[in-house]
Amino acid sequence: MHPRLLKTFLAVARSRNITRAAEAVHLAQSSVSDQIQSLEAELGAALFTRSKSGLELTPAGLALKPIAEELLRLDGEARAAVLAAAGRTSGALTIGALETIASARLAPWLPGFQAGHPDITVRMKVADSGTLRHLLEDGDIDVAFCFERQDGAKGAADGRLARRAIGAEPLVLVAAPGQGTAPRDLADLAALRFVATEPGCVYRHMFDTAFAEADMAPPKPAAEVGSIGAIARLVATGAGLGLIPRLAVSDALARGDLRELRWPGRMQAAPLTMIWRRRRVQPPALRQLLAAALDTLAPERLETGSELESADSSKALFPNNTLAKTAAS
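Structure below.
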């Protein structure tokens, strides 16, 4: 079974649709259909059946799916082991990131990394947290940069993934210039209109949790928007207040397009985390990127909750000074 056939099979299994699978693996629809037929002929069993909701895995397909995932993982590790043994660090990497992190943190950082590693080609995909996690699990991206909830939700316990916090971004309460006065307490805030992210987003979770900890129901958002940039623009027009990362609105605050209000209560901050898949052998190019991100993206001191941790060296985030081992795990 050729790895390419297995990758196409998994794309169809995930999307349950030939068209979407073809887009995911960058093939024509006819090529995807041909590859599935070739795999079925090789195995002597039908892998999919059609239903009203799309393509469904047959019992044979269900049996193949976890094995195909393992074979592709081993194929990747074999290639990484050969590159490492040959001392080659070249390769192509795909980074996944939230819109805010991509524009405010990674866009200024990547040119320097690429200048220092001209043999590594870097691509970037921007998506929401849930999509990034699926892309990472499916092997479509090599590392994800996102904010994680401090309660450990959203797969933090997934043993297939390794993660390291590299910062903590403060969230700020913003309003249109000249709009209202600073709220005295959460009760004042509860009476105001907000433009918020959708439920499940780390910012929305922190917003709702602040009121829950005070035994108060959070205000119902005037609008729910998936884009932080769109929220900032709506807030600037007076649609409501917003609680969003400072890094996303620092320029707008400096220009006076937005006004920062004091958040009544404990300062809110979202842990900035990089997440990658555990492997016995990590591709050398990815190991280089993880080390560079730790060295240059992490601040000298990062805040996690009420505690401050030193992030000045790899010992703080990669215990026992084993960056290579940790990145490979």
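All residue numbers for the sequence shown refer to my numbering, where the first residue is 20 and numbers rise by one.
Glycine residues also receive a C-beta, built at the ideal position from the N, C-alpha and C atoms.
Source: prediction; values computed, not measured.
Handout entry: Secondary structure of G261, DSSP reduced to three states
Key = Counting from 1 along the sequence shown, the entry for residue 261 is found at position 242. It is a strand residue.
Handout entry: Coarse secondary structure for E243, derived from DSSP in three states
Key = As a working note, residue 243 is residue 224 in the sequence shown. Correct three-state label for E243: strand.
Practice task
Report back the beta-carbon spacing between A163 and A289 to the nearest angstrom; my notes put them in contact at under 8 Å.
Solution key: Residue 163 sits at position 144 when you count from the first residue of the sequence shown. Residue 289 sits at position 270 when you count from the first residue of the sequence shown. That belief does not hold up - the Cβ atoms of A163 and A289 are roughly 15 Å apart, past 8 Å.
Exercise for the section: Determine the contact status of L308 and L112, defining contact as a CB-CB distance below 9 Å. Expected result: The sequence position of residue 308 within the sequence shown is 289, counting from 1. The sequence position of residue 112 within the sequence shown is 93, counting from 1. Yes, they are a contact pair.
Exercise for the section: Determine the extent of the alpha helix (DSSP H) in which W128 is found, giving its start and end residues. Expected result: Mapped onto the sequence shown, residue 128 falls at position 109. Its alpha helix (DSSP H) spans residues A126 to G135.
Practice task
Go through the stretch 37-73 residue by residue and report every complete run of the alpha helix (DSSP H) that reaches 4 residues or more, in order.
Solution key: 37-44 and 48-62
Practice task
Go ahead and label V51 buried or exposed: buried means 16 or more other beta carbons lie within 10 angstroms of its beta carbon, across all protein chains shown.
Solution key: Here residue 51 refers to the residue found at position 32 of the sequence shown. Per the 10 Å Cβ criterion, buried.
Problem - G186: first and last residue of the uninterrupted beta strand (DSSP E) it sits in - result: In the sequence shown, the residue the question calls residue 186 occupies position 167. Counting along the chain, the beta strand (DSSP E) containing G186 begins and ends at L180 to A194.
Handout entry: Cβ-based burial, A236 [other Cβ within 10 Å; buried from 16]
Key = Mapped onto the sequence shown, residue 236 falls at position 217. So A236 ends up on the exposed side.
Problem - Whether L117 touches D147 by CB criterion (9 Å) - result: If you number the sequence shown from 1, residue 117 lands on position 98. If you number the sequence shown from 1, residue 147 lands on position 128. Yes; because the gap between Cβ atoms is below 9 Å, this pair is in contact.
Exercise for the section: Within 10 angstroms of the Cβ of Q133, are there 16 or more other Cβ atoms? Answer buried if so, exposed if not. Expected result: One-based indexing of the sequence shown puts residue 133 at position 114. Exposed: under 16 other Cβ atoms inside 10 Å.
Exercise for the section: Following the continuous beta strand (DSSP E) through T77, name the residue where it begins and the one where it ends. Expected result: The residue given as residue 77 occupies position 58 in the sequence shown. Here T77 belongs to no beta strand (DSSP E), and DSSP marks it neither H nor E.
Handout entry: 8 Å contact criterion, which L211 and L260 should meet: CB distance rounded
Key = Mapped onto the sequence shown, residue 211 falls at position 192. Mapped onto the sequence shown, residue 260 falls at position 241. Between L260 and L211 the Cβ distance is about 6 Å, and since that is below 8 Å, they are a contact.
Exercise for the section: Drop a sphere of 10 angstroms on the beta-carbon of R296, count the other beta-carbons inside from all chains shown, and report buried for 16 or more, exposed for fewer. Expected result: Counted from its first residue, the sequence shown places residue 296 at position 277. Classification for R296: buried.
Handout entry: Between the CA atoms of L24 and I55 - distance to the nearest angstrom
Key = If you number the sequence shown from 1, residue 55 lands on position 36. If you number the sequence shown from 1, residue 24 lands on position 5. If I take the Cα positions, the gap works out to 7 Å.
Practice task
Return the residue from the list L58, E59 and N36 that minimises the CA-CA distance to Q48.
Solution key: Walking along the sequence shown from the start, residue 48 turns up at place 29. Cα-wise, what sits closest to Q48 is N36.
Handout entry: Segment limits, alpha helix (DSSP H) that includes A231
Key = Locating residue 231 in the sequence shown gives position 212, where the first residue counts as 1. A231 -> alpha helix (DSSP H) spans V221 to E232.
Problem - Beta-carbon proximity check, D314 vs P196, cutoff 9 Å - result: As a first step, residue 314 is located in the sequence shown; it is residue number 295 there, counting from the start. As a first step, residue 196 is located in the sequence shown; it is residue number 177 there, counting from the start. No, they are not a contact pair.
Practice task
Let me know if E232 comes out buried or exposed under the rule of 16 or more other beta-carbons within 10 Å of its beta-carbon.
Solution key: Position 213 of the sequence shown, counting from 1, holds the residue named residue 232. E232 comes out exposed.
Exercise for the section: Identify every residue that forms a DSSP beta bridge with I139. Expected result: To locate residue 139, count along the sequence shown from 1; it is residue 120. For I139, which the question treats as bridged, DSSP gives the partners G110.
Handout entry: DSSP state of A210 mapped onto helix, strand, coil
Key = Stepping through the sequence shown from its first residue, residue 210 is reached at position 191. Three-state DSSP puts A210 in coil, outside helix and strand.
Problem - Residue range of the beta strand (DSSP E) that includes T292 - result: As a first step, residue 292 is located in the sequence shown; it is residue number 273 there, counting from the start. It spans A288 to R296 - the beta strand (DSSP E) in which T292 sits, taken as one unbroken run.
Exercise for the section: Compare the beta carbon distance of R298 and E96 with 9 Å and say whether it is the shorter of the two. Expected result: On the sequence shown, position 279 is the one that residue 298 refers to. On the sequence shown, position 77 is the one that residue 96 refers to. It is a contact, given that the beta carbons lie within the stated cut-off.
Problem - For R98, three-class secondary structure by DSSP - result: Taking the sequence shown and counting its residues from 1, one reaches residue 98 at position 79. If DSSP states are grouped into helix, strand and coil, R98 belongs with the helices.
Practice task
Just the C-alpha distance for S70 and R179, rounded to the nearest angstrom, thanks.
Solution key: By one-based count along the sequence shown, residue 70 stands at place 51. By one-based count along the sequence shown, residue 179 stands at place 160. For S70 and R179, the distance between alpha carbons rounds to 32 Å.
Practice task
Return helix, strand or coil for R281, following the three-state DSSP convention.
Solution key: As a first step, residue 281 must be located in the sequence shown, where it is residue number 262. Residue state, collapsed to three classes: coil.
Practice task
Verify whether the separation of the beta carbon atoms of L93 and T77 is less than 9 Å.
Solution key: Your numbering for residue 93 matches position 74 in the sequence shown. Your numbering for residue 77 matches position 58 in the sequence shown. No; because the gap between Cβ atoms is not below 9 Å, this pair is not in contact.
Handout entry: Residue of A201, S34 and P22 minimising C-alpha distance to L91
Key = Here the question's residue 91 lines up with position 72 in the sequence shown. The candidate whose alpha carbon is nearest that of L91 is P22.
Problem - Local conformation of G248 per DSSP, three classes - result: The residue you call residue 248 lines up with position 229 of the sequence shown. Helix at G248.
Practice task
Take T184 as the anchor and find which of T200, T292, W282 and E279 has the nearest alpha-carbon.
Solution key: In the sequence shown, residue 184 corresponds to position 165, counting from 1. Looking at the sequence provided, one finds Ala at residue 184 rather than Thr. Cα-wise, what sits closest to A184 is T292.
Practice task
Can you tell me the Cβ-Cβ gap for V214 and V268, rounded? I've got them flagged as a contact below 8 Å.
Solution key: Walking along the sequence shown from the start, residue 214 turns up at place 195. Walking along the sequence shown from the start, residue 268 turns up at place 249. No, V214 and V268 are not in contact; Cβ-Cβ is about 12 Å, not under 8 Å.
Exercise for the section: Using a threshold of 9 Å, state whether the C-beta atoms of A87 and L29 are closer than that. Expected result: Translated into the one-based positions of the sequence shown, residue 87 becomes position 68. Translated into the one-based positions of the sequence shown, residue 29 becomes position 10. Their beta carbons are under 9 Å apart, which means A87 touches L29 by this criterion.
Practice task
Answer with buried or exposed for A104, where buried requires no fewer than 16 other C-beta atoms within 10 angstroms of its C-beta.
Solution key: The residue labelled residue 104 in the question sits at position 85 within the sequence shown. That one is exposed.
Practice task
Please classify P264: is it buried, with 16 or more other beta-carbons within 10 angstroms of its beta-carbon, or exposed?
Solution key: As a working note, residue 264 is residue 245 in the sequence shown. Its Cβ being crowded by 16 or more others within 10 Å, P264 is buried.
Problem - C-beta atoms of M20 and L58 nearer than 9 Å - result: Position 1 of the sequence shown, counted from the first residue, corresponds to residue 20. Position 39 of the sequence shown, counted from the first residue, corresponds to residue 58. Yes, Cβ-Cβ distance for M20 and L58 is below 9 Å.
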